[in-house]
Amino acid sequence: MISYLDLRGINEPFVGCAERAARSGWYLKGDYTRRFEQAYADYTGVRHCVGCGNGFDALALIFRAYVGMGVMGPGDEVIVPANTYIASILAVTDNGLVPVLVEPDADTLQIDDRRMEQAVTARTRAVLLVHLYGRCAYTPLIGDFCRRHRLRLVEDNAQAHGCRFEGRPTGSLGDAAGHSFYPTKNLGALGDAGAVTTDDAELARTVEALGNYGSSAKYVFDHAGRNSRMDEIQAAVLLEKLKYLDGWNRRRQEIADLYINKVENPFIRIPVSARPSVWHVFPVFCAQRDALQAYLRANGVETQVHYPIPPHRQRCYAAMNGLSLPVTERLHAEELSIPCHQLLTSDEVERIADLLNRFVP
Ligand SMILES: *Cc1c(COP(=O)(O)O)cnc(C)c1O
0 MISYLDLRGI NEPFVGCAER AARSGWYLKG DYTRRFEQAY ADYTGVRHCV GCGNGFDALA
60 LIFRAYVGMG VMGPGDEVIV PANTYIASIL AVTDNGLVPV LVEPDADTLQ IDDRRMEQAV
120 TARTRAVLLV HLYGRCAYTP LIGDFCRRHR LRLVEDNAQA HGCRFEGRPT GSLGDAAGHS
180 FYPTKNLGAL GDAGAVTTDD AELARTVEAL GNYGSSAKYV FDHAGRNSRM DEIQAAVLLE
240 KLKYLDGWNR RRQEIADLYI NKVENPFIRI PVSARPSVWH VFPVFCAQRD ALQAYLRANG
300 VETQVHYPIP PHRQRCYAAM NGLSLPVTER LHAEELSIPC HQLLTSDEVE RIADLLNRFV
360 P
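310 is the number that numbering that gives the first Met the number 0 gives to position 311 of the sequence shown; each next residue is one higher, with no gaps.
Structure (structure tokens):
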């Protein structure tokens with residue numbers, strides 16, 4: 000069986016880092032976290048990085064901080080891609096903000112920058128860009144659009160650590176970015192962890208305080224905050240793993256190139272658009288997606304679906320259930336993620352490509 004992701008294999012070399020942190024006697028807001036925050040800020044090319052508990056909190060704390068800073072308030076609107084992992088949208092609604100869903104482009108798979116203008120109202124305050132599947136969602140048109148309408152540009156960089164747009168890392172392209180280090184991500188911890196990156200010192204200070212009960216100094220509380228901190232064990236592992244991230248992403252690119260060059264089947268569409276990508280997911284699209292998944296499983300290849308039900312069709316968002324978003328619905332119905340990670344051998348990739356070529360619905 001070729002597994003979708005071999006987390007045990009990926010993490011084995013880093014168990015020693017976790018052990019060292021466990022033996023240090025200091026578990027939160029210590030040296031490893033400070034060092035990781037500095038290293039990740041440098042890596043991302045921004046002034047500030049604040050560790051927090053997970054990727055959802057990173058995004059939710061950015062919006063919470065903007066509300067606290069008076070930049071936006073309950074009822075204000077945030078433009079979001081309709082095709083995303085639901086955490087992106089939950090981070091908006093968690094703060095009483097209103098998500099305005101915009102369809103993706105079927106080729107780039109990212110928010111369609113030509114449709115954003117129609118989504119603007121007097122209450123629009125921000126755009127939340129999601130670099131879905133590890134593919135850069137930013138375009139110069141989106142940058143101009145945000146400047147013209149004076150909107151904050153927030154990036155959901157959970158899936159795109161190390162991706163670059165014209166040399167600039169995702170996570171530094173807007174006003175602030177939320178990062179997830181959930182174990183399956185390109186840069187993954189041994190549990191939950193996340194971070195906010197920004198050049199905005201006030202935002203960084205506010206996020207840091209909000210994630211530590213709203214505390215600005217020991218036992219002094221300026222905000223009604225919550226508890227969302229990166230722990231030292233995760234920081235130690237992430238600090239070490241960061242050194243390997245670019246190499247791992249290069250290997251993902253080689254694997255993606257193999258798939259792109261080898262897979263040729265009229266029933267399977269592969270993502271060829273020229274968006275920069277770190278291939279968090281290698282998605283293929285097939286009208287007979289479930290049959291393709293069963294066929295690959297029967298032939299020893301494990302796959303996943305990202306994601307079977309789009310956010311606007313989830314029961315938690317009943318008010319959006321009636322929206323018609325055909326591009327999103329089709330992508331969610333046809334998407335299948337095939338294995339694409341640094342431990343795959345080229346033989347395995349070729350075997351998967353051969354199987355894809357021989358699929359007949
Ligand atoms: C994983 C993910 C998140 C949430 O991160 P967690 O660390 O699991 O909270 C948010 N957005 C996207 C696009 C993700 O893939």
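Heads up, the beta-carbon is just placed ideally off N, CA and C, and yes, glycines get one too.
Any non-hydrogen atom of ligand 1 closer than 7 Å to residue i Cβ
i, result
"residue 226", "no"
"residue 84", "yes"
"residue 181", "yes"
"residue 6", "no"
"residue 54", "yes"
"residue 87", "yes"
"residue 157", "yes"
"residue 191", "yes"
"residue 295", "no"
"residue 363", "The chain is shown only over 0 to 360; residue 363 falls outside these bounds and no answer can be derived."
"residue 131", "yes"
Residue-chain proximity (residue i, chain B), Cβ-Cβ < 8 Å
i, result
"residue 133", "Any reference to chain B falls outside this structure, which holds one protein chain only."
Element boundaries [beta strand (DSSP E), containing residue i]
i, result
"residue 51", "47-51"
"residue 90", "Residue 90 -> not in any beta strand (DSSP E); alpha helix (DSSP H) instead, spanning 85-92."
"residue 272", "Segment: none, residue 272 is in no beta strand (DSSP E) and carries neither H nor E."
"residue 76", "76-80"
"residue 325", "Unbroken run through residue 325 is the alpha helix (DSSP H), 325-333; no beta strand (DSSP E)."
"residue 100", "97-101"
"residue 282", "281-284"
Endpoints, alpha helix (DSSP H) assigned at residue i
i, result
"residue 125", "Residue 125 -> not in any alpha helix (DSSP H); beta strand (DSSP E) instead, spanning 123-129."
"residue 70", "Neither: residue 70 is in no alpha helix (DSSP H) and is coded neither H nor E."
"residue 348", "345-356"
"residue 292", "288-297"
Nearest-angstrom Cβ-Cβ length linking residue i and residue j, presumed shorter than 8 Å
i, j, result
"residue 88", "residue 79", "6 Å"
"residue 309", "residue 331", "5 Å"
"residue 51", "residue 229", "6 Å"
"residue 246", "residue 227", "In fact, because the Cβ distance is near 30 Å, the residues do not count as touching under 8 Å."
"residue 235", "residue 16", "5 Å"
"residue 124", "residue 71", "4 Å"
"residue 64", "residue 150", "At roughly 16 Å, the Cβ-Cβ gap does not stay under 8 Å, so residue 64 and residue 150 are not in contact."
"residue 135", "residue 169", "6 Å"
"residue 368", "residue 128", "Summary: the structure shown does not reach residue 368, with the chain confined to residues 0 through 360, and so no result is reported for it."
"residue 232", "residue 38", "Not really, about 16 Å apart at Cβ, beyond 8 Å."
"residue 178", "residue 157", "6 Å"
"residue 2", "residue 301", "5 Å"
"residue 107", "residue 336", "In fact, because the Cβ distance is near 17 Å, the residues do not count as touching under 8 Å."
"residue 284", "residue 296", "The pair is not a contact, with the Cβ atoms about 18 Å apart (cut-off 8 Å)."
"residue 369", "residue 237", "This structure cannot settle anything about residue 369, because the visible part of the chain is limited to 0 through 360."
"residue 288", "residue 328", "Going by Cβ atoms, the distance from residue 288 to residue 328 rounds to 13 Å, so no, they are not a contact pair."
"residue 257", "residue 358", "Not a contact, Cβ separation roughly 17 Å."
"residue 40", "residue 196", "6 Å"
Unbroken stretches of the beta strand (DSSP E), 3 residues or longer, contained in the stretch 148-234: 151-155, 175-179, 193-197, 214-216
Please give me, in chain order, every unbroken run of the beta strand (DSSP E) with length at least 3 that falls completely inside the stretch 3-60. 47-51
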